[in-house]
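12 is the number of the first residue of the sequence shown in full-length UniProt numbering; add one for each residue after it.
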Amino acid sequence: VLDGLRRRGALKESDVDQAMRDVRLALLEADVALPVVRDFIAQVKERAVGQEVLKSVTPGQMVVKIVHDGLVEMLGGAAPSEDGTPPAPEGLNLLGEPPVAFLMVGLQGSGKTTSTAKIARRLQQRDKKKVLMASLDVYRPAAQEQLKILGEQAEVSTLPIVAGQQPVDIAKRAMQAGRFGGYDVVMLDTAGRLHVDEGLMAEVAAVKTATNPSEVMLVADAMTGQDAVNVADSFNKRVGLTGIMLTRVDGDARGGAALSMRAVTQCPIKLLGVGEKLDELEEFHADRIAGRILGMGDVVSLVEKARETIQEEDAERLAKKIQKGEFDLNDLADQLKQMRKMGGLQGLMGMLPGIGKMKDQMKNANLDEGLLKRQEAIISSMTAKERRNPKVIHASRKQRIANGSGTSVQEVNKLLKQHQTMAKMMKKMGKLGQKGLMRSMGGMM
Ligand code: GDP
Ligand code: MG
């Protein structure tokens, strides 16, 4: 009944379709490639229909939030955790016998040479790696000198330039110098190409075979529009990519290329270039780029606010029940769900003032996520009456519940015992009438 009052009901297909028209436009304006927009919208639509609409939010706003979360998930390659924390950005792969090779590839002018120096500088300064850079660009006049100058600025070694050498030979020489010089990483900056070109592509593939790099990083301009899919797909198919670095994120581009390239290659976007200077390098955060692509940040934060409000209301409702000494198995089920989000009961208890003793008891209970899930399953296998009044659960009911939840009677007993302990504790705290305590506790649930 309470749920009915708090929620607006489920999203209908017509709600979703209507909202998706705006979303589609936003994605196209952000220069996400058309086929990617189509696929993405179809996916999110399927997910959105039937989802609950939060109170004080319109169906359209709800859809935007679902789209935003879908974008974050797709860009980050992982779902944000239940409390909304985005997935951690993926790091560079330094595994392997040193020196490991990093191969930088991409179109001409995308920022390969600059990005090579940026990454090298950071690996050396922040991660204390010894880095050697080598330019394999034998086509553009002064390309090798450009890297040398950047190396001097960044205080990173560059391979001495030998005139007339071919890219694969330079790469081999770089690896050898890396081995002899005790380097951790050898960064190979390749020649650009104006468009996807088979000759140069074959050359990069040959360099890859000769050096067996741990990273093959596609460097791509955030301004790349509809062409992003083609570029990323070609490099990925022909050479094989391990990551993407998006440059010129400091510009006006909304960065739809990030989504296009991620969608077509499944490669993580690992780094962002945010300026011409060598320290203008940032970690990729899926939520930030998602916000930028969608350009509907105010709607997203509105829905997040609404969700927080509902959580507060839930907490207050629970606090009231506790004060009245009511804490049934439905409440316990809610708690278990929340606990899983918060890293278990220990985490919860640790935050409560004055429950140190209880916390020690709980420590022995060894509450892991699997256990919490099984306990939730036990409660789901009970009837509504049993949940409201656990006293009616006798032997035969216990057996039925254990069968229904795929657990054992012992586990059912244990859960009932735990509920009793908690209910008692709640009642005691309720009687104390510590409103502040209740609220602080409720806020965490
Ligand atoms: P390459 O041809 O792929 O090696 O590209 P370069 O590294 O030579 O870069 C081409 C131009 O883009 C240079 O003027 C760089 O300073 C500039 N550039 C590279 N990365 C960024 C970036 O993240 N932001 C901005 N604003 N400019 C960049
Ligand atoms: Mg270059």
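Quick reminder that beta carbons are idealized off the backbone N, C-alpha and C, glycines included. Predicted model only: the values in this text are computed from it and were never measured.
Beta-carbon separation of residue i and residue j under 7 Å?
i           : j           : result
residue 231 : residue 102 : no
residue 86  : residue 273 : yes
residue 126 : residue 317 : no
residue 83  : residue 297 : yes
residue 20  : residue 284 : no
residue 143 : residue 203 : no
residue 235 : residue 268 : yes
residue 131 : residue 289 : no
residue 112 : residue 179 : no
residue 218 : residue 182 : yes
residue 199 : residue 128 : no
residue 226 : residue 414 : no
residue 302 : residue 279 : no
residue 257 : residue 233 : yes
residue 468 : residue 201 : Beyond the ends of the chain as shown, which are 12 and 456, falls residue 468; an answer cannot be given.
residue 62  : residue 22  : yes
residue 153 : residue 170 : no
residue 401 : residue 426 : no
What does the Cβ neighbour count give for residue i, buried or exposed, with the cut at 16 atoms within 10 Å?
i           : result
residue 46  : exposed
residue 162 : buried
residue 329 : buried
residue 205 : exposed
residue 395 : exposed
residue 57  : exposed
residue 49  : exposed
residue 309 : exposed
residue 51  : buried
residue 134 : buried
residue 70  : buried
residue 138 : exposed
residue 173 : exposed
residue 72  : buried
residue 26  : buried
residue 159 : buried
residue 194 : buried
Starting from the C-beta of residue i, find all residues in its chain whose C-beta is less than 8 Å away, skip the five residues before and the five after it, and write them out in chain order.
i           : result
residue 306 : 37, 40, 41, 265
residue 398 : 339, 340, 341, 344, 390
Go through its chain and collect everything with a Cβ distance to residue i's Cβ below 7 Å, but skip five positions before and after it.
i           : result
residue 55  : 77, 78, 81
residue 434 : 338
residue 44  : 237, 239, 240, 271
residue 24  : 60
residue 408 : 397
residue 423 : 389, 409, 412, 413
Taking DSSP as the reference, what is the three-state secondary structure of residue i?
i           : result
residue 416 : helix
residue 342 : helix
residue 113 : strand
residue 203 : coil
residue 68  : coil
residue 425 : helix
residue 270 : helix
residue 74  : helix
residue 57  : helix
residue 438 : helix
residue 43  : coil
residue 2   : The structure shown does not extend to residue 2, since the chain is modelled only from 12 through 456, so no value can be given for it.
residue 106 : coil
residue 118 : coil
residue 79  : helix
residue 331 : helix
residue 222 : helix
residue 433 : helix
residue 320 : helix
residue 152 : coil
residue 303 : helix
residue 125 : helix
residue 264 : coil
Beta carbon of residue i: closer than 6 Å to some heavy atom of the ligand FMN?
i           : result
residue 159 : This structure does not include the ligand FMN; its bound ligands are the ligand GDP and the ligand MG.
Leaving out the 5 sequence neighbours to the left and right, which residues in its chain are closer than 6 Å to residue i when beta-carbon positions are compared?
i           : result
residue 276 : 243, 247, 252
residue 535 : Any question about residue 535 goes unanswered here, given that the chain covers just 12 to 456.
residue 419 : 413
Based on the DSSP secondary-structure assignment, which residues constitute the bridge partners of residue i?
i           : result
residue 232 : 258
residue 168 : 143
residue 280 : 255
residue 196 : 111, 142
residue 21  : 63
residue 227 : 114
residue 293 : 283
Any beta carbon from chain B within less than 7 Å of residue i's own beta carbon?
i          : result
residue 32 : The structure shown contains no chain B; it holds only a single protein chain.
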